[in-house]
Every structure is written in C-alpha cells, then in structure tokens.
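J.: For the record, in the sequence shown the residue sitting at position 185 is 184 according to numbering that gives the first Met the number 0, with numbers rising by one throughout.
Here it is, the structure in full.
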Amino acid sequence: MHREEVNDETAVPAGDVAAGFQALIDSDGRVEPRDAMPEAYRKSLIRQIAQHAHSEIIGMQPEANWISRAPSLRRKAILMAKVQDEAGHGLYLYAAAETLGADRADLLDMLHNGRQKYSSIFNYPTLTWADMGAIGWLVDGAAIVNQVPLCRCSYGPYARAMTRICKEESFHQRQGFEILNTLSHGTKAQHAMAQDAVNRWWWPSLMMFGPPDDASPNSAQSMAWGIKRFSNDDLRQRFIDMTVPQSEALGLTLPDPELAWNDERGHYDHGDIDFTELFEVILGNGPCNKQRMEKRRGAHEEGAWVREAASAYAAKRRTRQTAAGSAA
Ligand code: FAQ
Numbered sequence: 000m001h002r003e004e005v006n007d008e009t010a011v012p013a014g015d016v017a018a019g020f021q022a023l024i025d026s027d028g029r030v031e032p033r034d035a036m037p038e039a040y041r042k043s044l045i046r047q048i049a050q051h052a053h054s055e056i057i058g059m060q061p062e063a064n065w066i067s068r069a070p071s072l073r074r075k076a077i078l079m080a081k082v083q084d085e086a087g088h089g090l091y092l093y094a095a096a097e098t099l100g101a102d103r104a105d106l107l108d109m110l111h112n113g114r115q116k117y118s119s120i121f122n123y124p125t126l127t128w129a130d131m132g133a134i135g136w137l138v139d140g141a142a143i144v145n146q147v148p149l150c151r152c153s154y155g156p157y158a159r160a161m162t163r164i165c166k167e168e169s170f171h172q173r174q175g176f177e178i179l180n181t182l183s184h185g186t187k188a189q190h191a192m193a194q195d196a197v198n199r200w201w202w203p204s205l206m207m208f209g210p211p212d213d214a215s216p217n218s219a220q221s222m223a224w225g226i227k228r229f230s231n232d233d234l235r236q237r238f239i240d241m242t243v244p245q246s247e248a249l250g251l252t253l254p255d256p257e258l259a260w261n262d263e264r265g266h267y268d269h270g271d272i273d274f275t276e277l278f279e280v281i282l283g284n285g286p287c288n289k290q291r292m293e294k295r296r297g298a299h300e301e302g303a304w305v306r307e308a309a310s311a312y313a314a315k316r317r318t319r320q321t322a323a324g325s326a327a
C-alpha cells in the first residue's frame, strides 16, 4: 500500500496523532499500518527495516560462495537451504517496509546507489569452509541476540516478520555450531581451520551490534518509541556472555586475552573493540564492499526479465479475474 493511501484513510489532526500514538506506545501496544503515526517514526522504521532487508540479501553472497565447494552433498543441501532462507528474510522485511508506504524498487535503488546501508559483517571474505561454521555460530548468533527483542518491536508488521525470522536463525546458528564442532574435534588441520575462522569473525561479529552507546545517534529515540528494546552495548554484552561458554564447549578460543568473568558485574569483561574498523567498513572501505555491491547490482540487472515477467503475469491474472467477475 502506498503512503498516500495510508494517510488518506487516517487523516487526523496532528495533535491527535501524537497523543493517540504516544498512548499506544505507553501501553506497549502495537502500531499497525493503518494507525496514525508521527512521520519521524515512520521514516526511522523504514530506515532500519530497509537496512535489515538489504543485509539479508547481501548476506547471501559470502555463503553462496561455498555452495559449489561444500564438502558433502548433505552440507551442500543444508547450505543452499540456509542461503534461500536469507532471501526469504529479505522478502518478509521488504514487505514490512512496504506497509509503511515505502516502494521496494526505491529501497533497492537506495541500496544500489549507496544511500542506504547494509550490515558491516557481510563485507568480510569467506576464505575456508570453516567460515560457514563461524558465520552460522557467530553471525547468526549475534543476529538472534539482536533480533529476538525486535519480535516485541512496537511496529506490528516488523515484529511479526522478526518472529518468523528468529525461528529460522536459531536453526542457522545450530548448523554453524555443528560445522565448527565437527572440525574442532576432527584432524589437527581441521581444528586449526576452525580456530582461524573464529579468530577472523569474532571482532566483526561484535561490531554488528553497532557503535557504542555514546556514539549511537538513533538509539535513544528508537528505544523511546519501542523499536529497539535494548541498547547496542547491552546486546553486545549479552552476546559475549552467551558465546564464551559455547566456545569452551567447542574447544575453540575466542581471540581476546582480556575475556574474563567478572563476578561483581555478573558479565564477562572483554578487550577494547576497534570501532574505527566498523566506521571504515560502513563508509565502504571494508575488504569486500566493492565486490558485494558489484555483484548485487549485476544480479539486479540480470533479474530484470524475471520482474518484468512476474508483473506481466500478475497483470494478465488481474484481467482474467476481472473478466470472470463481470461474467458471473
Ligand atoms: N553495519 O545509531 P545507531 C542478518 C549504522 S543480521 C552497518 O546505533 P541503530 C542475518 C546505523 O544504521 C544483520 N551500519 O543505529 C544474517 C546508523 O546509520 P543510519 C542485520 C551500521 O539503527 C545472518 C549508524 O550506523 N541486522 O542480516 C551498523 O539505532 C547470516 C549509527 O548507528 C539488522 O539490521 C553495522 N553493523 O542501530 C543474514 C538488525 N551498526 O541509519 C545472512 C536490525 C550501525 O543513521 C547471513 N537493526 N550502523 O544512516 C538494528 O538492530 C539496528 O539498526 C542496529 C543499529 C543495531 C544495526
């Protein structure tokens, strides 16, 4: 549905919009597409949901890279299903953004011309098969910690999309853990490969949670609106606390000598995160930014005929249904 239609149906004086909206947020209710909402709330949601959707579809690339080289038929089938799941997540999320009046083609244009972002994590290379394990365990693990609270997001369509996505992400995380567990308890060379992958993916996974709280311009407003439920640093800490015991179970070491349980805080202490690396990657200077965007733009151009065929088919069906309706 387009924005104009939403507004036409919900034309309410601005003061009433603000009061009604605030009452809904205060009562922890869900905002639905036809509800009146402040323009800034709508814009911020489109920003976050679109970036999230873009991350899902760009995130297909690093893993798709290994489909043809998976070590067995079983591994190949699982990896293909996982990569397809990510495409599905993109679909749910673009559909959620459309309920806010955004146009999917415009969002994709903004991804392609660099006006909208996607997650920093997908700008790192996948060098060995063990990276499939590290992505599943760490990247999907971080995604789950970040996304479970989004199932309670104040905007209904986003919250419902997240509920479906989180179910699949937890399967993804387990398959990553299982790959690493097999390698870690395999030959010496396999163990070394798993350790190397964890060494390379640990710090970028921590950066997925975004800048530290004192450098996060969107967090305060987003939390006041009930979009985000926890701050970037709180979720990052939750992920670290969850992951350290899992690394022990795997027999792998996280590459941070300062990781240590702090009884007083009830959390693990950790070493400093190099946020200049995060900001550089966001600016487009990560190891694979250029390659990811080239591939994405190419896929979009090559897929033009599919979009055209789907539109022509939908138009044909509509004409047939209208004709059948008037004949009845
Ligand atoms: N990368 O003020 P904040 C997945 C941007 S999981 C790039 O803290 P906010 C699953 C941020 O957008 C990955 N940019 O922003 C999968 C903002 O820029 P803007 C996707 C980042 O929104 C697994 C600026 O920095 N998950 O895809 C990053 O309050 C395996 C200032 O930051 C989501 O998108 C970053 N890491 O908090 C798929 C979850 N961090 O918009 C395939 C939903 C920050 O002002 C394979 N999103 N920025 O121009 C969120 O929870 C939030 O948007 C945060 C950022 C936490 C990412």
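Glycine included, C-beta positions come from ideal geometry on N, C-alpha and C.
Here the structure is a predicted model, which is why all the values come from computation and not from measurement.
Any heavy atom of the ligand FAQ within a distance shorter than 7 angstroms of the CB on Asn-288?
T.: No, the ligand FAQ has no heavy atom inside 7 angstroms of this Cβ.
J.: What residue range does the beta strand (DSSP E) around Tyr-267 cover?
T.: Counting along the chain, the beta strand (DSSP E) containing Tyr-267 begins and ends at 266-268.
J.: Please list the segments of the alpha helix (DSSP H) lying wholly inside the segment 130-206, counting only runs of 4 or more residues, in order along the chain.
T.: Within the segment 130-206, the complete alpha helix (DSSP H) runs of at least 4 residues are 139-146, 155-183, 187-206.
J.: Are the beta-carbon atoms of Val-82 and Ala-69 separated by less than 8 angstroms?
T.: For Val-82 and Ala-69, no; Cβs fall outside 8 angstroms.
J.: Counting only runs that start and end within the segment 214-295, where is the alpha helix (DSSP H) found for 4 or more residues in a row?
T.: Those alpha helix (DSSP H) runs which fall completely within the segment 214-295 and span 4+ residues are 218-223, 231-249, 274-279.
J.: Can you name, in chain order, every residue of its own chain whose Cβ lies under 7 angstroms from the Cβ of Ala-196, other than the five neighbours on each side?
T.: Result list for Ala-196: Thr-127, Ala-129, Asp-130, Gly-132, Ala-133, in chain order.
J.: Should Glu-276 be counted as a contact of the ligand FAQ given a C-beta to heavy atom distance under 7 angstroms?
T.: Flag unset: Cβ of Glu-276 not near the ligand FAQ.
J.: List the whole-angstrom C-beta distance separating Ala-49 from Ala-101, where the pair is believed to meet the contact cut-off of C-beta under 8 angstroms.
T.: Confirmed, Cβ separation roughly 7 angstroms.
J.: Let me check you understand the geometry: is the CB of Lys-187 closer than 7 angstroms to at least one non-hydrogen atom of the ligand FAQ?
T.: Result no, Cβ not under 7 angstroms from the ligand FAQ.
J.: When burial is assigned at 16 or more other CB atoms within 10 Å of the CB, is Lys-315 buried or exposed?
T.: Lys-315 is exposed by the Cβ-count criterion.
J.: Report the rounded CA-to-CA distance for Ala-123 versus Glu-168, giving the unit in angstroms.
T.: The displayed chain sequence assigns Tyr, not Ala, to residue 123. The alpha-carbon atoms of Tyr-123 and Glu-168 are separated by roughly 20 angstroms.
J.: Quick one: any contact between the segment 204-223 and the segment 274-289, if contact means 3 or more CB pairs under 8 angstroms?
T.: Flag = yes, the segment 204-223 and the segment 274-289 touch.
J.: If you measure from the beta carbon of Phe-278 to each beta carbon in chain B, is any gap under 8 angstroms?
T.: The structure shown has no chain B; it contains just one protein chain.
J.: Kindly list the residues whose CB is nearer than 7 angstroms to the CB of Ser-325, restricted to its own chain and excluding five residues on each side of it in sequence; keep chain order.
T.: Excluding residues within five positions, none has a Cβ falling inside 7 angstroms.
J.: Out of curiosity, what's the CA-to-CA distance linking Lys-227 and Ala-322?
T.: Cα to Cα, the separation comes out at about 47 angstroms.
J.: Which partner residues of Val-30 appear in the DSSP bridge assignment?
T.: Its beta-bridge partners are Tyr-154.
J.: Between the C-alpha atoms of Ile-57 and Glu-177, what's the straight-line distance to the nearest angstrom?
T.: Their Cα atoms are separated by approximately 24 angstroms.
J.: In or out: Gly-135 buried (at least 16 other Cβ within 10 Å) or exposed?
T.: Label assigned to Gly-135: buried.
J.: Buried or exposed for His-53, please, with buried defined as at least 16 other CB atoms from any protein chain shown within 10 angstroms of its CB.
T.: The residue in question, His-53, is buried, as its Cβ has 16 or more Cβ neighbours within 10 Å.
J.: Tell whether a beta-carbon distance below 8 angstroms holds between Met-161 and Leu-149.
T.: Yes, these two residues count as a Cβ contact at 8 angstroms.
J.: Compute the distance between the beta-carbons of Arg-29 and Ala-158, then report whether it is under 8 angstroms.
T.: It is a contact, given that the beta carbons lie within the stated cut-off.
J.: Determine the burial state of Val-144: buried for a count of at least 16 other Cβ atoms within 10 Å of its Cβ, exposed for fewer.
T.: Buried: at least 16 other Cβ atoms inside 10 Å.
J.: Counting only runs of 4+ residues fully inside the segment 34-96, write out the alpha helix (DSSP H) ranges in chain order.
T.: Whole alpha helix (DSSP H) segments, 4+ residues: 38-57, 59-63.
J.: Please name the residue, chosen from Gly-89, Gly-250, Asn-231, that lies closest to Lys-187 on a Cα-to-Cα basis.
T.: Taking only the C-alpha atoms, the option nearest Lys-187 is Gly-250.
J.: Buried or exposed, going by whether 16 or more other CB atoms sit within 10 Å of the CB of Ser-310?
T.: Label assigned to Ser-310: exposed.
J.: Please state whether the Cβ-Cβ distance between Gly-225 and Ile-45 is less than 8 angstroms.
T.: Cβ distance not < 8 angstroms, so Gly-225 and Ile-45 don't count as in contact.
J.: Quick one, which of Phe-121, Ala-76, Asp-105 has its alpha-carbon nearest Arg-114's?
T.: It is Asp-105.
J.: Assuming contact is defined by CB atoms lying nearer than 8 angstroms, are Arg-291 and His-111 in contact in what I supplied?
T.: No.
J.: Quick one: what's got a C-beta closer than 6 angstroms to Gln-194's C-beta in the same chain, skipping five residues either side?
T.: Leu-251, listed in sequence order.
J.: At what residues does the alpha helix (DSSP H) containing Arg-316 begin and finish?
T.: Unbroken alpha helix (DSSP H) run through Arg-316: 303-326.
J.: In the structure shown, what three-state DSSP assignment does Asn-122 receive?
T.: In this structure, Asn-122 counts as helix in the three-state DSSP scheme.
J.: Buried or exposed for Ser-71, please, with buried defined as at least 16 other CB atoms from any protein chain shown within 10 angstroms of its CB.
T.: When all chains shown are included, Ser-71 counts as exposed.
J.: Flag Gln-172 as yes when its Cβ comes closer than 7 angstroms to any non-hydrogen atom of the ligand FAQ, and as no otherwise.
T.: The answer is no for Gln-172.
J.: According to DSSP, simplified to helix, strand and coil, what is Gly-113?
T.: Correct three-state label for Gly-113: coil.
J.: Answer yes or no: the CB of Ile-239 versus the heavy atoms of the ligand FAQ, is any distance below 7 angstroms?
T.: For the ligand FAQ, not one heavy atom lies less than 7 angstroms from the Cβ of Ile-239.
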